[in-house]
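6 protein chains.
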Amino acid sequence: MVYLTRRASFSAAHVLWSNALSEEENFAIYEKCANPRGHGHNYILEVTVRGTPDTKTGMLLNLTELKRIINERVINAVDHKHLNYDVPWLQGCIPTAEVLAMKFWQQLAPAFPPGMLYEVKLIETENNWASYRGKEEK
Amino acid sequence: MVYLTRRASFSAAHVLWSNALSEEENFAIYEKCANPRGHGHNYILEVTVRGTPDTKTGMLLNLTELKRIINERVINAVDHKHLNYDVPWLQGCIPTAEVLAMKFWQQLAPAFPPGMLYEVKLIETENNWASYRGKEEK
Amino acid sequence: MVYLTRRASFSAAHVLWSNALSEEENFAIYEKCANPRGHGHNYILEVTVRGTPDTKTGMLLNLTELKRIINERVINAVDHKHLNYDVPWLQGCIPTAEVLAMKFWQQLAPAFPPGMLYEVKLIETENNWASYRGKEEK
Amino acid sequence: MVYLTRRASFSAAHVLWSNALSEEENFAIYEKCANPRGHGHNYILEVTVRGTPDTKTGMLLNLTELKRIINERVINAVDHKHLNYDVPWLQGCIPTAEVLAMKFWQQLAPAFPPGMLYEVKLIETENNWASYRGKEEK
Amino acid sequence: MVYLTRRASFSAAHVLWSNALSEEENFAIYEKCANPRGHGHNYILEVTVRGTPDTKTGMLLNLTELKRIINERVINAVDHKHLNYDVPWLQGCIPTAEVLAMKFWQQLAPAFPPGMLYEVKLIETENNWASYRGKEEK
Amino acid sequence: MVYLTRRASFSAAHVLWSNALSEEENFAIYEKCANPRGHGHNYILEVTVRGTPDTKTGMLLNLTELKRIINERVINAVDHKHLNYDVPWLQGCIPTAEVLAMKFWQQLAPAFPPGMLYEVKLIETENNWASYRGKEEK
Numbered sequence: 001m002v003y004l005t006r007r008a009s010f011s012a013a014h015v016l017w018s019n020a021l022s023e024e025e026n027f028a029i030y031e032k033c034a035n036p037r038g039h040g041h042n043y044i045l046e047v048t049v050r051g052t053p054d055t056k057t058g059m060l061l062n063l064t065e066l067k068r069i070i071n072e073r074v075i076n077a078v079d080h081k082h083l084n085y086d087v088p089w090l091q092g093c094i095p096t097a098e099v100l101a102m103k104f105w106q107q108l109a110p111a112f113p114p115g116m117l118y119e120v121k122l123i124e125t126e127n128n129w130a131s132y133r134g135k136e137e138k
Numbered sequence: 139m140v141y142l143t144r145r146a147s148f149s150a151a152h153v154l155w156s157n158a159l160s161e162e163e164n165f166a167i168y169e170k171c172a173n174p175r176g177h178g179h180n181y182i183l184e185v186t187v188r189g190t191p192d193t194k195t196g197m198l199l200n201l202t203e204l205k206r207i208i209n210e211r212v213i214n215a216v217d218h219k220h221l222n223y224d225v226p227w228l229q230g231c232i233p234t235a236e237v238l239a240m241k242f243w244q245q246l247a248p249a250f251p252p253g254m255l256y257e258v259k260l261i262e263t264e265n266n267w268a269s270y271r272g273k274e275e276k
Numbered sequence: 277m278v279y280l281t282r283r284a285s286f287s288a289a290h291v292l293w294s295n296a297l298s299e300e301e302n303f304a305i306y307e308k309c310a311n312p313r314g315h316g317h318n319y320i321l322e323v324t325v326r327g328t329p330d331t332k333t334g335m336l337l338n339l340t341e342l343k344r345i346i347n348e349r350v351i352n353a354v355d356h357k358h359l360n361y362d363v364p365w366l367q368g369c370i371p372t373a374e375v376l377a378m379k380f381w382q383q384l385a386p387a388f389p390p391g392m393l394y395e396v397k398l399i400e401t402e403n404n405w406a407s408y409r410g411k412e413e414k
Numbered sequence: 415m416v417y418l419t420r421r422a423s424f425s426a427a428h429v430l431w432s433n434a435l436s437e438e439e440n441f442a443i444y445e446k447c448a449n450p451r452g453h454g455h456n457y458i459l460e461v462t463v464r465g466t467p468d469t470k471t472g473m474l475l476n477l478t479e480l481k482r483i484i485n486e487r488v489i490n491a492v493d494h495k496h497l498n499y500d501v502p503w504l505q506g507c508i509p510t511a512e513v514l515a516m517k518f519w520q521q522l523a524p525a526f527p528p529g530m531l532y533e534v535k536l537i538e539t540e541n542n543w544a545s546y547r548g549k550e551e552k
Numbered sequence: 553m554v555y556l557t558r559r560a561s562f563s564a565a566h567v568l569w570s571n572a573l574s575e576e577e578n579f580a581i582y583e584k585c586a587n588p589r590g591h592g593h594n595y596i597l598e599v600t601v602r603g604t605p606d607t608k609t610g611m612l613l614n615l616t617e618l619k620r621i622i623n624e625r626v627i628n629a630v631d632h633k634h635l636n637y638d639v640p641w642l643q644g645c646i647p648t649a650e651v652l653a654m655k656f657w658q659q660l661a662p663a664f665p666p667g668m669l670y671e672v673k674l675i676e677t678e679n680n681w682a683s684y685r686g687k688e689e690k
Numbered sequence: 691m692v693y694l695t696r697r698a699s700f701s702a703a704h705v706l707w708s709n710a711l712s713e714e715e716n717f718a719i720y721e722k723c724a725n726p727r728g729h730g731h732n733y734i735l736e737v738t739v740r741g742t743p744d745t746k747t748g749m750l751l752n753l754t755e756l757k758r759i760i761n762e763r764v765i766n767a768v769d770h771k772h773l774n775y776d777v778p779w780l781q782g783c784i785p786t787a788e789v790l791a792m793k794f795w796q797q798l799a800p801a802f803p804p805g806m807l808y809e810v811k812l813i814e815t816e817n818n819w820a821s822y823r824g825k826e827e828k
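Protein chains in written order, with the numbering used here: chain A, 1 to 138; chain B, 139 to 276; chain C, 277 to 414; chain D, 415 to 552; chain E, 553 to 690; chain F, 691 to 828.
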């Protein structure tokens with residue numbers, strides 16, 4: 001069992017705000033992240049797959065293919081976008097790092113054979129990140 | 139002559155768009171950076187001062203004081219903000235890294251004795267940054 | 277199950293020396309780390325919690341709260357300190373990265389609901405680090 | 415159970431090419447990595463061991479000893495070398511990151527008590543890396 | 553006067569060897585870098601231009617254009633190549649970081665108006681790099 | 691004129707305290723850095739030389755030689771040491787980053803032909819650093 005990780009990055013805006021909460025509650029919970037016009041990040045996305053390398057090619061998965069999947073299913077949709085408005089499959093979400101990691105997993109998982117996708121890690125700033133490994137705990 | 143640098147970071151949204159240009163021209167020039175809702179970055183700001191360290195304290199400038207100046211004059215105004223809308227002294231600017239470096243210089247320079255502020259460097263992504271050293275070339 | 281990590285840093289001095297060993301043994305085991313006056317590091321502490329994000333807020337744990345816990349229980353006690361002398365709850369320890377990771381876990385664990393604290397990682401230099409996940413193996 | 419990691423680096427050349435495949439297939443699979451003269455990387459190797467720190471020394475394993483093992487068993491053999499030609503124990507391999515991680519594990523494992531070696535991680539570029547944890551899954 | 557930098561990376565092999573020197577002299581001077589089959593690096597190239605931003609666009613030079621120039625004139629020629637054999641305009645050179653920085657400058661300079669290209673910096677490893685600012689000292 | 695930089699690192703303890711000042715003044719100026727037992731850092735030292743590469747070797751200065759000079763004249767004296775007590779040529783200094791950069795320059799300069807040493811940069815933490823270019827301004 002080998003783990004292979006590909007790193008990608010994208011720049012996006014977001015605002016943390018819940019319509020189910022009052023303005024006062026929003027600012028109490030999300031503080032400066034609730035600034036209505038939004039702020040943004042250089043997000044880093046690390047996608048890890050696992051399995052046994054092909055004995056013929058020495059590859060677990062061709063990195064070109066892994067890069068293509070990540071771009072087509074996530075990066076192209078979120079890069080240089082406002083995550084609260086521009087991404088159909090994020091509508092209705094509060095785009096915290098935790099939620100984004102889960103949503104990105106849902107976008108990516110169908111592209112792989114069962115069990116191959118191991119972890120989706122989303123680095124929001126150099127000081128915080130979230131990762132998701134799917135519903136079954138390792 | 140010693141150079142002393144303090145690094146700070148902030149997260150902000152921006153959009154590159156000029157009202158003096160047509161929509162077509164805006165997208166031709168700024169490409170994905172012209173996305174109307176904006177996108178964002180984890181900006182890194184590096185401020186360099188220069189001079190002769192005080193023989194009594196060994197300090198060119200107290201780092202606590204340098205940090206305070208950077209926070210009060212720049213970071214507090216731009217952190218977790220949308221640079222096109224939320225910052226009075228950026229109104230009317232196109233917030234490219236080049237323009238931001240110059241504007242931040244203008245905010246910072248009055249806080250220092252003449253000649254002490256040496257360079258303002260603004261890192262927009264891990265792949266591009268701009269710096270400004272004032273009107274007189276070194 | 278989502279994992280959320282917060283990174284903090286602190287600068288501290290330490291010396292690796294055991295009073296249960298002779299001077300000769302100390303230098304044989306700890307080499308240059310046994311220099312009596314001590315040396316120091318810019319330590320990086322990464323604290324990972326895990327759980328299910330709140331469906332209302334999208335947060336596993338508010339990062340402001342996580343930061344507060346880390347500061348109050350660890351950073352404030354060790355930042356700009358000498359780890360062998362200045363920290364009551366490290367008295368009698370040999371402050372290797374392994375031991376510090378375990379001690380920091382003991383400081384942090386009572387602040388979280390059972391099972392929420394997942395990992396404490398302590399990076400001593402860019403070339404070595406230690407992590408601890410509590411007594412029950414994952 | 416504490417995890418302790420030591421990072422090392424080496425610079426090497428390699429080419430991804432399988433003699434079991436046609437030239438056309440090689441270029442289809444490995445693309446620019448199949449350039450016959452080879453290309454190269456600044457590889458980063460992170461070796462993680464796990465166990466209980468010695469109560470007398472506070473150490474899981476002396477970092478000097480861990481460094482010596484990594485250098486003698488891996489770094490000295492691969493640093494400033496062409497991985498396809500210069501390393502006897504890599505002969506016949508296609509030196510992908512996945513394969514290298516597994517081969518380095520095989521070199522390193524016999525130097526440790528059973529169960530102590532936990533993970534070998536090989537970072538090929540800032541955008542991709544592979545890790546191996548041996549035959550028994552954690 | 554604003555300085556704008558774009559970072560690019562490439563992976564290449566090279567060997568330091570001079571045909572004007574004996575085998576003994578080559579190994580005495582270049583040590584492990586003289587290994588005949590070559591070794592390699594993940595090189596990072598930082599290209600800095602300077603000038604006054606266009607008041608209409610806020611740009612000193614469009615980053616898309618700067619990226620295109622760097623790719624067409626340098627990266628495409630050296631990425632995943634062996635620098636001693638695969639690059640026509642490096643033939644006869646000893647590809648040290650110093651020489652590469654100068655050669656890259658020569659490739660890049662004709663693409664810019666006089667005086668715009670300010671510095672070419674080539675990072676060979678995390679521990680050494682070279683930069684060149686053309687024949688006229690700043 | 692090419693610039694060549696070599697990076698080195700060392701871990702050391704220090705305390706910012708001036709015997710010419712009262713205890714009250716020391717804490718007012720140096721704040722937490724005045725903690726009597728000291729604290730510490732993983733310092734990074736970047737030494738830049740400049741000149742014209744030798745046409746025969748392609749080298750401005752052999753990196754092995756540059757590394758040797760840096761180790762013999764600075765690193766060996768300060769690594770794993772307490773800068774206030776253990777380094778004869780730092781006695782009587784207040785070891786701020788500014789002062790250390792100047793002192794390291796004085797240690798290094800005599801090892802090079804006149805004009806070759808260009809800059810000594812000392813990175814104290816990821817958020818602050820100082821550099822010194824000698825008495826004659828560039």
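Beta carbons are placed, not taken as given, at the ideal position from N, Cα and C, and that holds for glycine.
Through-space distance from residue j to residue i, alpha-carbon basis
{"i": "K219/B", "j": "D606/E", "result": "25 Å"}
{"i": "I207/B", "j": "A249/B", "result": "7 Å"}
{"i": "L477/D", "j": "I320/C", "result": "18 Å"}
{"i": "N716/F", "j": "S701/F", "result": "24 Å"}
{"i": "Y693/F", "j": "R188/B", "result": "21 Å"}
{"i": "N541/D", "j": "D631/E", "result": "15 Å"}
{"i": "N490/D", "j": "A698/F", "result": "21 Å"}
{"i": "C309/C", "j": "L480/D", "result": "16 Å"}
{"i": "W569/E", "j": "K746/F", "result": "10 Å"}
{"i": "A304/C", "j": "I370/C", "result": "15 Å"}
{"i": "E24/A", "j": "G529/D", "result": "53 Å"}
{"i": "G272/B", "j": "S712/F", "result": "39 Å"}
Pick from the options that is closest to residue i, judged by C-alpha positions
{"i": "E788/F", "options": "N180/B, L198/B, F148/B", "result": "L198/B"}
{"i": "G92/A", "options": "A20/A, V78/A, L66/A", "result": "A20/A"}
{"i": "H729/F", "options": "N774/F, R697/F, T742/F", "result": "N774/F"}
{"i": "P139/A", "options": "Y30/A, T52/A, S22/A", "result": "This structure leaves residue 139/A out entirely; chain A is present only between 1 and 138."}
{"i": "E348/C", "options": "L384/C, V323/C, P364/C", "result": "L384/C"}
{"i": "G610/E", "options": "A151/B, D224/B, K273/B, M240/B", "result": "M240/B"}
Three-way DSSP call (helix, strand, coil) for residue i in this model
{"i": "E676/E", "result": "strand"}
{"i": "E827/F", "result": "For E827/F, the pLDDT reaches just 49, beneath the cut-off of 50, and the residue's location in the model is therefore unreliable, although a value from the coordinates is still provided. E827/F falls in the coil class under three-state DSSP."}
{"i": "N318/C", "result": "strand"}
{"i": "T478/D", "result": "helix"}
{"i": "V488/D", "result": "helix"}
{"i": "K608/E", "result": "coil"}
Proximal residues to residue i (C-beta, below 8 Å), its chain only, five neighbours per side dropped
{"i": "R37/A", "result": "V15"}
{"i": "M1/A", "result": "R50, G51, T52"}
8 Å Cβ cut-off: residues of chain A touching residue i
{"i": "K170/B", "result": "D79, H80"}
Cβ neighbours of residue i in the same chain (closer than 6 Å, five flanking residues each side left out)
{"i": "F380/C", "result": "V350, V396"}
{"i": "E827/F", "result": "For E827/F, the predicted structure reports a pLDDT of 49, less than 50, and the residue's modelled location is therefore unreliable. A value from the coordinates is still provided. Answer for E827/F: no residue qualifies."}
{"i": "E460/D", "result": "T419, R421, K535"}
Contacts that residue i makes with chain D (C-beta to C-beta distance below 7 Å)
{"i": "V291/C", "result": "Chain D residues near V291/C: none, gap ~12 Å exceeds 7 Å."}
Contacts that residue i makes with chain F (C-beta to C-beta distance below 7 Å)
{"i": "Y141/B", "result": "A820, S821"}
Under 9 Å by beta carbon: chain E residues contacting residue i
{"i": "V237/B", "result": "V554, P605, G610, M611"}
Contact set for residue i: own chain, Cβ-Cβ below 7 Å, skip 5 residues either direction
{"i": "E676/E", "result": "H593, Y595, A649"}
{"i": "L790/F", "result": "L812"}
{"i": "Y582/E", "result": "L568, W569"}
Amino acids of chain F, ordered along the chain, whose beta-carbon sits closer than 8 Å to that of residue i
{"i": "N679/E", "result": "R696, R697, A698"}
Residue i: CB within 7 Å of a non-hydrogen atom of the ligand SAM
{"i": "L228/B", "result": "You won't find the ligand SAM in this model; it holds no ligand whatsoever."}
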